[in-house]
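From first to last, the protein sequence lines stand for chains F and A.
Whatever position you read off the first sequence (first residue = 1), add 28 for my numbering.
Whatever position you read off the second sequence (first residue = 1), add 28 for my numbering.
Remarks on the structure that follows.
Protein chains: 2
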Amino acid sequence: MNRDDALARDAQDPLAALRDQVVRHDPDLIYLDGNSLGMLPVATRDRLAHAIDQEWGGELIRGWQHWFDLPIGVGDRLGSSLLGAAEGQVVVCDTITVNLFKLAWAAMAARPGRSVIVTDARNFPTDRYVLEGVADHRGGSVRFVDTDPVHGVDAAALAAVLDDDVALVELSHVDYRSGALADLAALTKQVHDGGALVLWDLAHSAGAVAVDLDANDVDLAVGCTYKYLNAGPGAPGFLYVSRRLVDGLESPIRGWWGQQDPFDMDQPYRPARGVARFLSGSQSVPGMYAVDSGVDLLGRAGLPALRAKSLALTTYLVDLADEWLSPLGFELRSPRDPARRGGHVVLGHPDAYRIGAAAVREALVVPDVRPPDLIRLAPVALTTSFTDVHDGVARLRDLVAGGSHETIDVSSRRVT
Amino acid sequence: MNRDDALARDAQDPLAALRDQVVRHDPDLIYLDGNSLGMLPVATRDRLAHAIDQEWGGELIRGWQHWFDLPIGVGDRLGSSLLGAAEGQVVVCDTITVNLFKLAWAAMAARPGRSVIVTDARNFPTDRYVLEGVADHRGGSVRFVDTDPVHGVDAAALAAVLDDDVALVELSHVDYRSGALADLAALTKQVHDGGALVLWDLAHSAGAVAVDLDANDVDLAVGCTYKYLNAGPGAPGFLYVSRRLVDGLESPIRGWWGQQDPFDMDQPYRPARGVARFLSGSQSVPGMYAVDSGVDLLGRAGLPALRAKSLALTTYLVDLADEWLSPLGFELRSPRDPARRGGHVVLGHPDAYRIGAAAVREALVVPDVRPPDLIRLAPVALTTSFTDVHDGVARLRDLVAGGSHETIDVSSRRVT
Chain F
29 MNRDDALARD AQDPLAALRD QVVRHDPDLI YLDGNSLGML PVATRDRLAH
79 AIDQEWGGEL IRGWQHWFDL PIGVGDRLGS SLLGAAEGQV VVCDTITVNL
129 FKLAWAAMAA RPGRSVIVTD ARNFPTDRYV LEGVADHRGG SVRFVDTDPV
179 HGVDAAALAA VLDDDVALVE LSHVDYRSGA LADLAALTKQ VHDGGALVLW
229 DLAHSAGAVA VDLDANDVDL AVGCTYKYLN AGPGAPGFLY VSRRLVDGLE
279 SPIRGWWGQQ DPFDMDQPYR PARGVARFLS GSQSVPGMYA VDSGVDLLGR
329 AGLPALRAKS LALTTYLVDL ADEWLSPLGF ELRSPRDPAR RGGHVVLGHP
379 DAYRIGAAAV REALVVPDVR PPDLIRLAPV ALTTSFTDVH DGVARLRDLV
429 AGGSHETIDV SSRRVT
Chain A
29 MNRDDALARD AQDPLAALRD QVVRHDPDLI YLDGNSLGML PVATRDRLAH
79 AIDQEWGGEL IRGWQHWFDL PIGVGDRLGS SLLGAAEGQV VVCDTITVNL
129 FKLAWAAMAA RPGRSVIVTD ARNFPTDRYV LEGVADHRGG SVRFVDTDPV
179 HGVDAAALAA VLDDDVALVE LSHVDYRSGA LADLAALTKQ VHDGGALVLW
229 DLAHSAGAVA VDLDANDVDL AVGCTYKYLN AGPGAPGFLY VSRRLVDGLE
279 SPIRGWWGQQ DPFDMDQPYR PARGVARFLS GSQSVPGMYA VDSGVDLLGR
329 AGLPALRAKS LALTTYLVDL ADEWLSPLGF ELRSPRDPAR RGGHVVLGHP
379 DAYRIGAAAV REALVVPDVR PPDLIRLAPV ALTTSFTDVH DGVARLRDLV
429 AGGSHETIDV SSRRVT
């Protein structure tokens, strides 16, 4: 557990050089929050500067001749590189919230005899809120799976709520708090056996773990790109619709971009063939390039190598936490089995908020805090070294052991 | 009509210096399509570079402490500078398509005894499509106003379709084809007298003409920022909800950003007070800064000065077109009365597509073409000089007189 051991791990890391491909203004900062907002790749900064100055500034309206295809083109590259999705099934557009609304609505409409949406009672708020809205609008209801706060949703819990009224099951692939990795293959099959459609939220899994949407026969999925895809704050979301289903589904938001020929403006609405029907309006061109650049960087590293490093990093982090942080009142709230984890680790501590704030201000470690008592730590394969993990946990240890977090003002609780 | 006259007009133009505040890679290019995609302000390029490199790259997740307020803060500045809206009524978010969906839905839900949405039969496709979708989903229907292709919607046409079944009237303030400026004050009153709510689409008016939402008692409005607000390709949309109504309206898309306390994640959905309830998910931070920068630039010029110059520019353009282009088969398809026009002028010509394509390729003039036979010309107050208008129309004249457009291939018809 000494620093030389961390340095030795870095020396053997085949992805070590990637760490230098992101912008680092403060070399002493240890950033462990890439699962909230990924770091800025140097290539993305340069590509955005070019897109803004040369394309927008220079091509002006003529740029739309090639920008117009970005939501589908970038979606195809994202799908094939990181989601196990063949082309024509992924588009990059809107936000994950809006995409979830569109797909949940479409799924309910496609199961007219069924009126229930099932989701995880502990799911991210926007998932619960959007689904309750869709259910209300369509005269249905949401039924919650009771899940384990550490291990997440399992087959028995799901079986207890599945019946012939269930139209759609929506679950997060990786739990945003505990980091638990759901068994996507088995749960998808279980939902299908019950006659419902499945919609996976990939916010905390896209770019971090294998998803294999096609191979697992997934129906629908949504995700965001500002976490492991490193596309920047508020970058566009994405959605996946299986080609088995897409031409039988309709978007509730009938925008001109989802029309068969957006430029034949005298036509009535006729949904485009394929996943393009879930487009609505003009999408951020810089946002598209940022996603493309992040996908390119991750795709060149390769998801198997990224996942292998991620597992090594989180396992190392858990080992260090057991040794150094447990005696200080921290406890592991993520699955201990690495195969059951996504890309982050959660520790519980009664003083989580103060510790998180003090870590940033006094120890140059950036974790993430989730009320009431969770500290999320994401050592991201692309941007974090084993030495970062070693030093980050050591700094947290010294901070809490020294008690310097105890004076932090807790009146402002805003976290993201 | 000679060039010295144009130069003299420029010499007396109090806004002339603004023309140098946008990026110009090709000084010979005459850009007359700022109503499709506004040019790139130098200040915006610099602000985006800073936001990307220093804020995303340097602040990382800590940036959300101040980014989180941008949709409301930028909305307030946009509202007060350019829309005549007091604070707390405008948010910058999502796309105009998604915002139109949210507000049309909310309006229908707020008028439960009424089931009809009225809109212009010639409205932009996304308006018609979205409204038909909302009406379908809610068991209602859309009724179309029959409008004049040049002069747009008027009181008599609207009176013919208003009755006690109408919940919502949605109209474009400036017609995307003819440029006709609707009488927002009178039509709003007429809609209210009929007991319906009004929703104005400001896509072609925000930043170009006075809107005065509060003074005219408007209920709802949506708009985009990539045209006269110069925020770049696919920049975020905005929406306005009158404070008279907002706490009685609900968004159909219940996202966590529209919740009273987005960070109290164990709560059920409780819509935020005020217009924030129409937020859904995380918004593009660079997009917010681009809007803010464009609003700042226009706000400093002042809408009265911008509108005065715009009227002078379009009047000059019409005079030149009468003199030089009418003999070549062009005819004015915008209102001749300047007070009835927005910021652009439309000319009809049977060979519009070929002329538009040839103008870009051979004459370095960028107009905009709308099938089947319209050429839109937008001399924008911020970025166009009188000399640009003179030279642009002269180049079109010489191009068509010389017949060099006749060889253009028309097989690819994509225009934006």
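Where a beta carbon is used, it is the ideal one built from N, C-alpha and C, also for glycine.
Using a C-beta cutoff of 8 Å, does Trp95 (chain F) count as contacting chain A? Taking the first residue of the first sequence as 1, we reach residue 95 (chain F) at position 67. Output row for Trp95 (chain F): interface = yes.
DSSP three-state label for Thr147 (chain A), please. Translated into positions along the second sequence, residue 147 (chain A) becomes position 119. Reduced to three states, the DSSP call for Thr147 (chain A) is strand.
Give me whichever residues DSSP pairs with Trp228 (chain A) in a beta bridge. Residue numbering aside, residue 228 (chain A) sits at position 200 when the second sequence is read from its first letter. Paired residues: A:Leu199, A:Ala249.
Any chance the stretch 259-275 of chain A sits against the stretch 336-348 of chain A, with 3 or more Cβ pairs inside 8 Å? no
Taking contact to mean at least 3 C-beta pairs separated by less than 8 Å, is the stretch 181-191 of chain A in contact with the stretch 312-320 of chain F? no
Can you tell which of A:Thr72, A:Phe266, A:Val50 has the C-alpha that lies nearest to the C-alpha of Ala113 (chain A)? Walking along the second sequence from the start, residue 113 (chain A) turns up at place 85. If we check each option's Cα against that of Ala113 (chain A), A:Phe266 comes out closest.
Nonlocal neighbours in the same chain, by C-beta distance under 7 Å from Thr175 (chain F), ignoring five residues either side: Working through the first sequence from its first residue, we reach residue 175 (chain F) at position 147. Excluding residues within five positions, the ones whose Cβ falls inside 7 Å are Asp148, Ala149, Arg150, Val181, Ala185.
Based on the DSSP secondary-structure assignment, which residues constitute the bridge partners of His403 (chain A)? If you number the second sequence from 1, residue 403 (chain A) lands on position 375. His is not the amino acid found at residue 403 (chain A); the sequence shown has Ile there. Paired residue(s): A:Leu375, A:Val397.
Which whole-angstrom value describes the C-beta separation of Ser279 (chain F) and Thr123 (chain A), a residue pair presumed to lie in contact below a C-beta threshold of 8 Å? Residue mapping note: residue 279 (chain F) aligns to position 251 of the first sequence, counting from 1. Residue mapping note: residue 123 (chain A) aligns to position 95 of the second sequence, counting from 1. That belief does not hold up - the Cβ atoms of Ser279 (chain F) and Thr123 (chain A) are roughly 13 Å apart, past 8 Å.
Work out the CA separation of Ala429 (chain F) and Ala31 (chain F) for me, nearest whole Å. Locating residue 31 (chain F) in the first sequence gives position 3, where the first residue counts as 1. Locating residue 429 (chain F) in the first sequence gives position 401, where the first residue counts as 1. Inspection of the sequence shows that residue 31 (chain F) is occupied by Arg rather than by Ala. Each residue's alpha carbon lies about 19 Å from the other.
Under a CB-based cut-off of 8 Å, is Tyr317 (chain F) close to chain A? Your numbering for residue 317 (chain F) matches position 289 in the first sequence. Not an interface residue.
Range of the contiguous alpha helix (DSSP H) that encloses His338 (chain A): To locate residue 338 (chain A), count along the second sequence from 1; it is residue 310. One point to set straight first is that residue 338 (chain A) is Ser, not His, in the sequence displayed. From DSSP, the alpha helix (DSSP H) with Ser338 (chain A) extends over 331-348.
In three-state terms, what does DSSP make of Phe152 (chain F)? The residue given as residue 152 (chain F) occupies position 124 in the first sequence. DSSP places Phe152 (chain F) in coil when its eight states are reduced to three.
Which residues does DSSP pair with Leu68 (chain F) in a beta bridge? In the first sequence, the residue the question calls residue 68 (chain F) occupies position 40. Answer is none; Leu68 (chain F) lacks a bridge partner.
Quick one: using the 10 Å Cβ neighbour count with 16 as the cut-off for buried, is Gly435 (chain A) buried or exposed? The residue you call residue 435 (chain A) lines up with position 407 of the second sequence. Note on identity: in this sequence residue 435 (chain A) is Thr, with Gly being the wrong assignment. The residue in question, Thr435 (chain A), is exposed, as its Cβ has fewer than 16 Cβ neighbours within 10 Å.
Thinking C-alpha only, which one of A:Ala386, A:Gly420, A:Pro400, A:Gly302 is nearest Gly117 (chain A)? Position 89 of the second sequence holds residue 117 (chain A). First, the amino acid is wrong: residue 117 (chain A) is Gln here, not Gly. Selected option, being the one with the closest Cα: A:Gly302.
Sorted by chain position, which residues of the same chain lie with C-beta nearer than 7 Å to Leu356 (chain F)'s C-beta, five sequence neighbours on each side aside? Locating residue 356 (chain F) in the first sequence gives position 328, counting from the first residue. These residues qualify, in order along the chain: Arg425, Val428, Ala429.
8 Å Cβ cutoff met for Val146 (chain F) and Val202 (chain F): Here residue 146 (chain F) refers to the residue found at position 118 of the first sequence. Here residue 202 (chain F) refers to the residue found at position 174 of the first sequence. Not in contact: Val146 (chain F) and Val202 (chain F) (Cβ atoms no closer than 8 Å).
Suppose you measure from the CA of Thr343 (chain A) to the CA of Val170 (chain A); what does that come to, to the nearest Å? Here residue 343 (chain A) refers to the residue found at position 315 when the second sequence is read from its first residue. Here residue 170 (chain A) refers to the residue found at position 142 when the second sequence is read from its first residue. Their backbone Cα atoms lie some 36 Å apart in a straight line.
Kindly say whether Gln311 (chain F), judged by its beta-carbon, lies nearer than 8 Å to any beta-carbon of chain A. Counted from its first residue, the first sequence places residue 311 (chain F) at position 283. Output row for Gln311 (chain F): interface = yes.
Mapping DSSP to helix, strand and coil, what is Leu128 (chain F)? Working through the first sequence from its first residue, we reach residue 128 (chain F) at position 100. Reduced to three states, the DSSP call for Leu128 (chain F) is helix.
Count the other C-beta atoms from every protein chain shown that fall within 10 angstroms of the C-beta of Glu83 (chain F), then say buried if there are 16 or more, exposed otherwise. Your numbering for residue 83 (chain F) matches position 55 in the first sequence. Classification for Glu83 (chain F): buried.
Going along chain B, which residues have a C-beta under 9 Å from Gly384 (chain A)? In the structure shown, chain B cannot be found, because the protein chains are F and A.
Within a Cβ cutoff of 8 Å, which residues of the same chain sit near Val226 (chain F), ignoring the five residues on either side of it in sequence? Within the first sequence, numbered from 1, the residue matching residue 226 (chain F) stands at position 198. Result list for Val226 (chain F): Leu196, Val197, Glu198, Leu199, Leu215, Thr216, Val219, His220, Val246, Asp247, Leu248, in chain order.
Short CB-CB distance (under 8 Å) between Val408 (chain F) and chain A: On the first sequence, residue 408 (chain F) is found 380 positions in, with the first residue counted as 1. It does not: the Cβ of Val408 (chain F) has no partner Cβ on chain A nearer than 8 Å.
Ala224 (chain F) and Asn244 (chain F) look like a contact to me (Cβ under 8 Å); what is the Cβ gap, rounded to whole Å? In the first sequence, residue 224 (chain F) corresponds to position 196, counting from 1. In the first sequence, residue 244 (chain F) corresponds to position 216, counting from 1. Not confirmed; about 15 Å, so no contact.
Applying a beta-carbon distance threshold of less than 9 Å, which residues of chain F neighbour Gln287 (chain A)? If you number the second sequence from 1, residue 287 (chain A) lands on position 259. By Cβ distance, chain F contributes Pro153, Thr154, Tyr157.
Any idea which residues DSSP pairs Gly265 (chain F) with across the strands? Within the first sequence, numbered from 1, the residue matching residue 265 (chain F) stands at position 237. According to DSSP, Gly265 (chain F) bridges with F:Cys252.
May I have the straight-line CA-CA distance separating Gly286 (chain F) from Gln295 (chain F), to the nearest angstrom? As a working note, residue 286 (chain F) is residue 258 in the first sequence. As a working note, residue 295 (chain F) is residue 267 in the first sequence. Each residue's alpha carbon lies about 13 Å from the other.
Whole angstroms is fine: what's the gap from Tyr268 (chain F)'s alpha carbon to Leu110 (chain F)'s? Residue numbering aside, residue 268 (chain F) sits at position 240 when the first sequence is read from its first letter. Residue numbering aside, residue 110 (chain F) sits at position 82 when the first sequence is read from its first letter. Using only the alpha carbons, I get a separation of about 12 Å.
According to the Cβ coordinates, are Gly62 (chain F) and Thr411 (chain F) closer than 8 Å? In the first sequence, counting from the first residue as 1, residue 62 (chain F) sits at position 34. In the first sequence, counting from the first residue as 1, residue 411 (chain F) sits at position 383. Going by C-beta atoms, Gly62 (chain F) is nearer than 8 Å to Thr411 (chain F).
At a CB distance below 9 Å, what residues from the stretch 270-284 of chain A approach chain F? Give them in sequence order. Glu278, Ser279, Pro280, Ile281, Arg282, Gly283, Trp284
For the 8 Å Cβ check, are there 3 or more pairs between the stretch 72-92 of chain A and the stretch 376-394 of chain F? yes
For Val421 (chain A) versus Leu341 (chain A), is the C-beta distance shorter than 8 Å? For the purposes of this step, residue 421 (chain A) is taken as the residue at position 393 of the second sequence. For the purposes of this step, residue 341 (chain A) is taken as the residue at position 313 of the second sequence. Their beta carbons are not under 8 Å apart, which means Val421 (chain A) does not touch Leu341 (chain A) by this criterion.
Kindly indicate the opening and closing residues of the beta strand (DSSP E) around Phe414 (chain F). Residue numbering aside, residue 414 (chain F) sits at position 386 when the first sequence is read from its first letter. Looking at the DSSP string, Phe414 (chain F) is not in any beta strand (DSSP E); the run it does join, the alpha helix (DSSP H), is 414-430.
Selection of the stretch 103-126 of chain F by Cβ proximity to chain A, strictly under 8 Å: Asp122, Thr123, Ile124, Thr125, Val126
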